[in-house]
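Working notes, structure below.
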Amino acid sequence: MPAEALQPPPPYNVSHETSFASAISISQPVGPFHVQQALPMPHEVTGDRDRPVVTRPRPARGFSMYLARTLPAPDRCSPANHHSPCPRVRLSGRFVRIFLVGMMLLGLSPGTGPAASAQTLSASPSLPAEPSSGNTPSVPGNSELPSTPSTKRAIEVLTKGAEPADSPGHDLPAQLRSPTVHRVALQQSQTGDASQASRRPSVLARGDQGAVVEALQRTLNVRHGEDLAVDGDFGPATEAAVRRVQLRHGLEATGIVDEATWRVLGDLVMESAPVPPPEVVNSQTLPRDPPLRLDGPPVVSAKAWSILDRQSGRITAHQDGDSPLPMASTTKVMTALLILELAQRDPALLDQLVEFSPRADATPGSTAGVKAGESLTTRDLLYGLLLPSGNDASVALAEHFGPLAYAAFAGSTADPRPTSAYDQFVAAMNGRASALGLAATHFRNPNGLTEKGHHASANDLARLAHYALEFPLFRTIVNTRRFGCTVISTDGQRRNVVWNNTNRLLGQQGFNGVKTGTTSAAGACLIAAGQRGDSDQIVVVLGAACSDARYVDARNLFRWVWSQ
Numbered sequence: 409m410p411a412e413a414l415q416p417p418p419p420y421n422v423s424h425e426t427s428f429a430s431a432i433s434i435s436q437p438v439g440p441f442h443v444q445q446a447l448p449m450p451h452e453v454t455g456d457r458d459r460p461v462v463t464r465p466r467p468a469r470g471f472s473m474y475l476a477r478t479l480p481a482p483d484r485c486s487p488a489n490h491h492s493p494c495p496r497v498r499l500s501g502r503f504v505r506i507f508l509v510g511m512m513l514l515g516l517s518p519g520t521g522p523a524a525s526a527q528t529l530s531a532s533p534s535l536p537a538e539p540s541s542g543n544t545p546s547v548p549g550n551s552e553l554p555s556t557p558s559t560k561r562a563i564e565v566l567t568k569g570a571e572p573a574d575s576p577g578h579d580l581p582a583q584l585r586s587p588t589v590h591r592v593a594l595q596q597s598q599t600g601d602a603s604q605a606s607r608r609p610s611v612l613a614r615g616d617q618g619a620v621v622e623a624l625q626r627t628l629n630v631r632h633g634e635d636l637a638v639d640g641d642f643g644p645a646t647e648a649a650v651r652r653v654q655l656r657h658g659l660e661a662t663g664i665v666d667e668a669t670w671r672v673l674g675d676l677v678m679e680s681a682p683v684p685p686p687e688v689v690n691s692q693t694l695p696r697d698p699p700l701r702l703d704g705p706p707v708v709s710a711k712a713w714s715i716l717d718r719q720s721g722r723i724t725a726h727q728d729g730d731s732p733l734p735m736a737s738t739t740k741v742m743t744a745l746l747i748l749e750l751a752q753r754d755p756a757l758l759d760q761l762v763e764f765s766p767r768a769d770a771t772p773g774s775t776a777g778v779k780a781g782e783s784l785t786t787r788d789l790l791y792g793l794l795l796p797s798g799n800d801a802s803v804a805l806a807e808h809f810g811p812l813a814y815a816a817f818a819g820s821t822a823d824p825r826p827t828s829a830y831d832q833f834v835a836a837m838n839g840r841a842s843a844l845g846l847a848a849t850h851f852r853n854p855n856g857l858t859e860k861g862h863h864a865s866a867n868d869l870a871r872l873a874h875y876a877l878e879f880p881l882f883r884t885i886v887n888t889r890r891f892g893c894t895v896i897s898t899d900g901q902r903r904n905v906v907w908n909n910t911n912r913l914l915g916q917q918g919f920n921g922v923k924t925g926t927t928s929a930a931g932a933c934l935i936a937a938g939q940r941g942d943s944d945q946i947v948v949v950l951g952a953a954c955s956d957a958r959y960v961d962a963r964n965l966f967r968w969v970w971s972q
C-alpha cells in the first residue's frame, strides 16, 4: 500500500455535508464476508451556530486508525488514486458490527492491529465460498464453522436483538443472510440446553430451574423410585425427593443437591424414555387397586403409624411400624424417662436446681426460653422440656444428670466412657433403649435435632410412651396445656416464664398426651394418648406432610380403633 494512504485527510469545509446515500459504498472482501456498506472516518466536528461547520481529523487509534487509513472512498478512490483523502461520512455502527463479525469468525479481534487485519483482508478472496446470487455475499463454504469462542461470539453478535422467528438470524442484514450463518446459529440454539445440562452445577436447591433440574428429576424417577413431574422446576416435591435420597444414604437431609448428593445420584439421566405411538398408549388398560375396604384402617398420609392398646401393651395395627425413621422431638420422651427413673430412686432429685450453661442457652430450635446462668428445679424444667419442646431444656438436663444417668443406664453400650456429661447422658439413653427392647431406636442427642444415625420406629415409640405413662408425674406433665414457673438468675433476680403445650389434641376431650415433634427431615410427628370408655390407646404418627396432617391422621386412627 502506498505510504500516502496512511496519512489522515486534511481539514476541509463540510457545510455541504455528504449524505448517507452518497457515502462510501464498496464491494470489497472484509474477513470472510463481502461487505457493501457505508464506511466511517474518524473526524472531530468543531464550530458553533454562527460559523460554518468544519471538521478536523483527530488522531486515529487502533482499529479506527486502520479503517481510516486503508479503506478507499468513492469517486476519488479509483484504483489509480486510491490514496486520495476521502470526504467525511457519518459513522455506521452496523458496518462496524458486520466487520467485527467477520473478524471473529476467523478467530481475530480488533485488538490484533492493522497488520493482522490486513492479513485477513488479503486472505479473504482465496477462501472457498458457497454459491450466492444477487447482492447476497458469500461466506466460508465449510459445512460446519469451528465451535470456538470467536465463532460463538460472532453468532451472538449476528443474532443480538433478534425477535423470535422461525429460524435464527432472520433479522440480519441482507449481506449476512447466508445458509452457513443460519446453520451455525441454529446449531448453537439447538445444543444450548443439552450443553447446559451437561455442565452440572456444584449445588442445586429449591427455586432453581432449567435443563439440569429436568435431568435431576429424571434421575430421581429412573434410579431412585420417585414419581416427579419432569418440569425443570426445583420445587417442594423435588426437594422432598432429594431429602428421601439423602436419608437413605446416610446424608444430612437438607434437600440441597451438593457434591455428596451428586455422588449418590450418579450420572444424570439426560433423556426420557421414548414415547410409544398413540395406538399403543390408547390400547393399554391400566390396573386398578381392589375396592376400598369398609372394615380396614383409614387411609393415612404419614410415612408410618402405629396403634398400641394400653390394656394389653400390644401393637394392634401399624403401617411400616418397624421402619427406623427420624422422629424429631418425640426423642424427649426418653430424655424425660431417664430423669423420672433417677427420681424414682432418689425423689430429692426433682427439687435440685439445674443451671443453664451457655451451650444450653445457644441450642437452636424450639426453646424453653431460659437464659445462661438462670436456674430452676428439675421438676419445673421437665415441663419446659415437654410442653414447649425445649431443646435448651434437654441440653441442660443432659449436662446436669449425665454422669448419674450413665452410671445407672449406660451398661455396655458406650465403650470407652464418654468424657462429657452431655455424651454420657446420650449413651445412657441408648442403653435404656436397648434394655427396653427398642431395636430400631438409636439416639445421637437428647432433643431430636436432625443428626445422622438418630432414628426410631413408630412401634418403638408406642412402646416407649406406654412405659413412660406408667409414671404419674409424666402423665400429669404431658396432659398439661399451660404451665408457669419462676427462674432465678445468678445474682438472685427472679423472672416468671410460661409454657404452652404444643400438642393441639389436648384441646379436645378424650386425649391426654403425649408429645409432638417436627423437623424438616422427620416431617410432622406425634405420639398421642387417648381414651374412650374402656379403650385406652396410644397412636404414633411419623413423617406427616405438615402439622395439620398429623392431627388428621391421628384422629382418623383413633376413630377407627374406637369403632372396632
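The letter at position 547 of the sequence shown is residue 955 when you use my numbering, and the numbering goes up by one with no holes. Heads up, the beta-carbon is just placed ideally off N, CA and C, and yes, glycines get one too.
In the structure shown, L761 falls within a strand segment according to DSSP collapsed to helix, strand and coil.
Counting only runs of at least 3 residues, the region 820-874 fully encloses no beta strand (DSSP E) element at all. When secondary structure is reduced to three states using DSSP, T775 falls in the coil class, being assigned neither helix nor strand. In this structure, F966 lies near G938, with their beta-carbon atoms less than 8 Å apart. Residue pairing of L716 in beta bridges, as defined by DSSP: I723, I946.
Note on geometry: alpha-carbon atoms of H632 and P609 lie some 20 Å from one another. DSSP places A768 within a helical segment (H, G or I) once states are collapsed to three. A check of alpha carbon separations from F817 across T894, M837, V683, S720 identifies M837 as the nearest.
In this chain, the beta strand (DSSP E) harbouring I896 covers 890-896. Remark: C-beta atoms of F833 and D800 do not approach each other more closely than 8 Å. Straight through space, the alpha carbons of P766 and K779 are spaced by roughly 8 Å. At the C-beta level, N909 and L805 stay beyond 8 Å of one another.
L745 counts as buried, since no fewer than 16 other beta carbons sit within 10 angstroms of its beta carbon. Between the region 671-691 and the region 617-628, the count of Cβ pairs shorter than 8 Å is three or higher; the stretches touch. For A681, there is no enclosing beta strand (DSSP E), as DSSP gives it neither H nor E. Taking 8 Å as the cut-off, the Cβ atoms of F851 and A841 count as close. The region 953-970 makes contact with the region 697-716: 3 or more CB pairs, one atom from each, lie closer than 8 Å. A contact between stretches requires three or more CB pairs, one per stretch, nearer than 8 Å, and the region 767-787 fails this requirement with the region 710-720.
Every alpha helix (DSSP H) of 4 residues or more that sits fully in the region 782-808 is shown, in chain order, as 786-794.
Here the C-alpha atom of Q617 lies approximately 24 Å from the C-alpha atom of V683. Around the CB of C933, 16 or more other CB atoms lie within 10 Å, so the residue is classed as buried.
No Cβ-Cβ contact shorter than 8 Å links G658 with M735. V665 is not a Cβ neighbour of L636, given a cutoff of 8 Å. Assignment of R608 by DSSP, reduced to helix, strand and coil, places it in the coil class. Contact between the region 879-888 and the region 913-920 is established, with three or more Cβ pairs separated by less than 8 Å. Exposure of V688 is indicated by the presence of fewer than 16 other C-beta atoms within 10 angstroms of its C-beta. Within the same chain, Cβ atoms closer than 7 Å to the Cβ of G861 are found at H850, R852, the five residues on either side in sequence being excluded. DSSP places I885 outside any beta strand (DSSP E); the residue lies instead in the alpha helix (DSSP H), whose first and last residues are 880-886. The Cβ atoms of D788 and C893 sit closer than 8 Å to each other. If you draw a straight line from the Cα of E667 to the Cα of V906, it comes to about 44 Å. Only exposed fits N904, as fewer than 16 other CB atoms lie within 10 angstroms of its CB. Look at R696 here: in three-state DSSP terms it is coil, with no helix or strand label. Exclusion of the five residues before and after S774 leaves S737, P796, S797, G798, N799, T910 as the residues of its chain whose Cβ lies within less than 8 Å of its Cβ. Judged by DSSP in its simplified three-state form, G915 adopts helix. Around the C-beta of A661, 16 or more other C-beta atoms lie within 10 Å, and the residue is accordingly described as buried.
Around the C-beta of S865, 16 or more other C-beta atoms lie within 10 Å, and the residue is accordingly described as buried.
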